[in-house]
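Some notes on the structure that comes next.
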């Protein structure tokens, strides 16, 4: 890859992560940074994590390793020895980023912490990824994916109501932490340009996973209602408490279809009834139903049940392929629950060239490797080499002191003139948002959190669906300015009411584009062109503007214009395939899970483009398909399908390596503690914490193989102990003994969770109609730059006059003219 093509070509990254967060440096590498993986002499323990080609364990052929570490080089260093520490310090002197996931304080004890390294390299950005953060009451807690999904509340939203809380069987916490760590690192880079200084970025995986909850916590915040798991059903869309089925059986698997409201939902419902009528399967009451009056926010359970009872038999007549072909033909909302092998053959991904040929990790012939998370008009985001062998680049990179410095000057030449004050990372950056729902507004929210001036373009003629039919509403009273769901993703923005279809609106929109550094839109492909604001026009108006276009499938391909919401796209992308018990159906993931993955990648993309513009003076057009961004989180399973020709399956809370590994009932109603044991030493510590009961000392439990073979009995034994104790007592006792454990948090508990309180994740602000309620802060803490939220979400059109007169320089007469012509509504 040439430096001209790479978005982040000038930068050097040292990657010291283990199993938590390697996606961070992988993302930076995909964007063109020179990434060196630093491993112990025995190799990163993550190399021993499966799956493996042919199920033959080999640290050089792990598919998980291959997925998270492509595009990197590898050196091996023993940091416990002076020579190893000296070598790392030498590498760090010429690095821009160092990313690590050791327990808090570990590198400090070795003399390799941020403070020590910054003395030699003041511009260095050190990003630390840990389960709970660098400080706070849980900072030293052990946590794997299971405990993190529990501590963040994700598991309380997933699974059958009468069964245990569930996680996604394919680990997700590390990827969430990795992508937000990349975003935090790039924000620190923006700040370095303003101040000349690097800083320490503190990333907590628990905080990162809060994004996966969608708006569930806000039900508690506004109305003291605890969102809970509902199996294959969706809750939270109706103020009556009605639930809607999401997962449906079909001839060869499962479908994701929801009786939605809003314009798109009503159109889909009508199209479904016509389709059923073509097959002679539409009952008379559906044919006569007036969908134009159907209101999802007030629908009763009785009405939903009657509709669903009629459509279930129809779905049973279809295969997944027939269903998807039908919904595409009819422009309906809905997707099949796809498996990894089906994803490999998706015509949309093939048409966009998503899959890249890559040599297999075992040296086999080329296999399909997931491509980059976005397409950049002025740079590349791609995979160009496979993950390295342990120490493969020792000779190249561990040269004697002085040699490597001569090869390439440090990238600190790109640092701007230092300022005495410490402004927000995005001080002076201007954003205009043509977007609705989550995927676009979420990106803008994070930009605004870090000091960008953000203007949101919206209209009462066709308001954002989050305003109109997404509870919670304060006191269950709907209103354009009363939705907590809307508020969560729109703090610190200015709202201008602008009817983009009105004569005269285009001139205002064009003025905003000329004013902006960044334009964010998430409409269906082609919509911006219809408004006269396609890519070419935006470039003409402002050659330096960065445009992020984010939608389900991207701007090109046979399914580009197919509508859909993230709560359904999560099934096409395989996430629900991996959620549930092995013997049961896939479970619904609360909210538009994949949308919030796309938000994080969209933030990374915009920040990388900003840095590239500072060096080149040119803008960028970024085509981000939420589908492709989401697939970055499923890399190991997709590689397993490509290499081994099979579909990994959901397996409840089981893990192929750890046992026990699950959630266990505690005293009280629906109280659970997540517990996992990863080696024989941890098992012995668990036995001591249990009080050395006789059964736990039996020989069969002393090995990992024995515990795996007897998991059902082991779970029963452990549950008998936990069920007599409060969940907090189980957690603290096991953590004190050095055993992985975490309470399964409910949405209510997240607001009082000691670690989240310590990190000030929830910020209370006063909204003019909702009143005082909470907004979510970023999941990372920048040591030198303050972050929001600082202002509540805007009422619709609240800042129209301010934007037009103060930012665009319009006269009062011009504003009144726009008002009289109906443009400002």
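Numbering (the working numbering), first residue to last: 24 to 848.
C-beta atoms are modelled at their ideal positions from N, C-alpha and C, and glycine is treated no differently.
Here the structure is a predicted model, which means the values were calculated and not measured.
Alpha carbons only, please: which of 810, 779 and 823 is nearest the one belonging to residue 160?
Residue 160 has its Cα closest to that of 779, out of 810, 779 and 823.
When DSSP labels each residue in this structure, what does residue 400 get in the three-state scheme?
Residue 400 falls in the coil class under three-state DSSP.
Taking contact to mean 3 or more Cβ pairs, one atom from each stretch, closer than 8 Å, check whether the region 497 to 516 and the region 537 to 555 are in contact.
Touching, no.
If we require 3 or more residues per run, which beta strand (DSSP E) segments fall completely within the region 273 to 361?
Runs of the beta strand (DSSP E) inside the region 273 to 361: 276 to 279.
Counting only runs of 3+ residues fully inside the region 630 to 700, write out the beta strand (DSSP E) ranges in chain order.
If we require 3 residues or more, the beta strand (DSSP E) runs fully inside the region 630 to 700 come out as 643 to 648, 684 to 688 and 695 to 699.
For residue 578, count neighbouring Cβ atoms within 10 angstroms of its own Cβ and tell me buried if that reaches 16, exposed if not.
Flag for residue 578 reads buried.
If the criterion is Cβ atoms closer than 8 Å, does the pair residue 234 and residue 224 meet it?
Against a cut-off of 8 Å, the Cβ pair of residue 224 and residue 234 comes out as no contact.
Using the DSSP secondary-structure output, state which residues sit across from residue 763 in a beta bridge.
DSSP, once it has assigned bridges, lists 699 as partnering residue 763.
Inspect the CB distances between the region 478 to 488 and the region 455 to 462 and report whether three or more fall short of 8 Å.
Verdict: yes, contact present.
Grouping DSSP H, G and I as helix and E and B as strand, with all else coil, what is residue 574?
Strand.
Give the single residue among 406, 683, 470 and 93 whose Cα lies nearest to the Cα of residue 733.
Considering only alpha carbons, the answer is 683.
Using the Cα positions of residue 75 and residue 86, report the straight-line distance between them to the nearest angstrom.
Taking the straight line joining both Cα atoms gives about 6 Å.
If you draw a straight line from the C-alpha of residue 775 to the C-alpha of residue 306, how long is it?
Distance between the alpha carbons of residue 775 and residue 306: 50 Å.
Can you tell me where the beta strand (DSSP E) holding residue 152 begins and where it ends?
Run containing residue 152: 148 to 153, per the beta strand (DSSP E) assignment.
Which word fits residue 143, buried or exposed, when buried means at least 16 other C-beta atoms lie within 10 angstroms of its C-beta?
Residue 143 comes out exposed.
Identify which residue in 99, 464 and 270 has its Cα closest to the Cα of residue 508.
The option with the nearest alpha carbon to residue 508 is 464.
Runs of 4 residues minimum, wholly inside the region 507 to 560: which ones carry the alpha helix (DSSP H) assignment?
Within the region 507 to 560, the complete alpha helix (DSSP H) runs of at least 4 residues are 507 to 511, 528 to 538 and 550 to 553.
Work out the CA separation of residue 811 and residue 206 for me, nearest whole Å.
So the alpha carbons of these two residues sit roughly 15 Å apart.
Taking Cβ positions, are residue 319 and residue 261 nearer each other than 8 Å?
It is a contact, given that the beta carbons lie within the stated cut-off.
With distances taken from CA atoms, which of 220, 98 and 100 is nearest residue 807?
The residue with the shortest Cα to Cα distance from residue 807 is 220.
Whole angstroms is fine: what's the gap from residue 248's alpha carbon to residue 693's?
So the two alpha carbons sit approximately 15 Å from each other.
Which value, in whole angstroms, describes the spacing of the CA atoms of residue 427 and residue 42?
Only weak support exists for where residue 427 lies, its pLDDT of 46 falling under 50; the coordinates are left without a value.
Given this structure, state the Cα-to-Cα distance separating residue 631 from residue 417, to the nearest angstrom.
The straight-line gap from Cα to Cα measures roughly 29 Å.
Could you have a look at residue 258 and say whether DSSP puts it in helix, strand or coil?
Here residue 258 sits in coil by DSSP.
Return the CA-CA distance between residue 28 and residue 637, expressed in angstroms with no decimal places.
Distance between the alpha carbons of residue 28 and residue 637: 15 Å.
Figure out for me which residue from 825, 837, 32 and 90 has the closest Cα to the Cα of residue 477.
The option with the nearest alpha carbon to residue 477 is 825.
Output the distance between the C-alpha atoms of residue 83 and residue 398, rounded to the nearest integer angstrom.
Taking the straight line from one Cα to the other gives about 30 Å.
So, residue 114 versus residue 140, is the Cβ gap smaller than 8 Å?
The answer is no: Cβ separation not under 8 Å.
Where residue 173 and residue 747 are concerned, what is the direct C-alpha to C-alpha distance, given to the nearest angstrom?
Their Cα atoms are separated by approximately 20 Å.
Between 625, 326, 520 and 222, which lies nearest to residue 264 when the distance is taken from Cα to Cα?
Nearest C-alpha to residue 264: 326.
What does the Cβ neighbour count give for residue 634, buried or exposed, with the cut at 16 atoms within 10 Å?
Under this definition residue 634 is a buried residue.
I need the DSSP call for residue 428, collapsed to helix, strand or coil.
Residue confidence for residue 428 is low, a pLDDT of 48 falling below 50, so the modelled location carries little weight; the figure read from the coordinates is stated next. In this structure, residue 428 counts as helix in the three-state DSSP scheme.
Starting from residue 389, follow the beta strand (DSSP E) in both directions and report where the run begins and ends.
Note, residue 389: beta strand (DSSP E), 389 to 393.
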